[in-house]
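Visitor: Have a look at the structure that comes next, please.
Numbering (the working numbering), first residue to last: 530 to 603.
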């Protein structure tokens with residue numbers, strides 16, 4: 530269909546991760562920590578053992594997913 534924008538699945542997961550991380554940094558309460566952990570878990574389940582460079586919202590990030598999630602701006 531014309532004009533439809535489809536997001537890459539990892540982009541949606543990164544949206545959730547960055548939003549949860551921002552909320553937790555702004556207000557470090559248990560609810561926000563649980564939201565951040567859930568976002569990290571979804572990344573770990575969908576992209577296990579990942580070591581990749583990804584461009585997200587015009588910024589380049591190094592994404593490392595092993596036993597934990599690391600998203601490092603380059």
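Every residue, glycine too, gets a C-beta built ideally from N, C-alpha and C.
With a threshold of 8 Å, are at least 3 pairs of Cβ atoms found where one atom belongs to the segment 584-598 and the other to the segment 558-576?
Guide: yes
Visitor: Report the CB separation of residue 569 from residue 585 in whole angstroms; it is logged as a contact under 8 Å.
Guide: For the purposes of this step, residue 569 is identified with residue 40 of the chain shown, where counting begins at 1. For the purposes of this step, residue 585 is identified with residue 56 of the chain shown, where counting begins at 1. Between residue 585 and residue 569 the Cβ distance is about 16 Å, and since that is not below 8 Å, they are no contact.
Visitor: Taking the alpha-carbon positions, what's the residue 549 to residue 600 distance?
Guide: Here residue 549 refers to the residue found at position 20 of the chain shown. Here residue 600 refers to the residue found at position 71 of the chain shown. Near 13 Å, if we compare the C-alpha coordinates of residue 600 and residue 549.
Visitor: According to DSSP, residue 585 sits in a beta bridge with which residue or residues?
Guide: If you number the chain shown from 1, residue 585 lands on position 56. Looking at the DSSP assignment, residue 585 forms a beta bridge with 588.
Visitor: To which residues of the same chain is residue 562 closer than 7 Å at the C-beta, ignoring the five residues directly before and after it?
Guide: As a working mapping, residue 562 is identified with position 33 in the chain shown. Here the set comprises 553.
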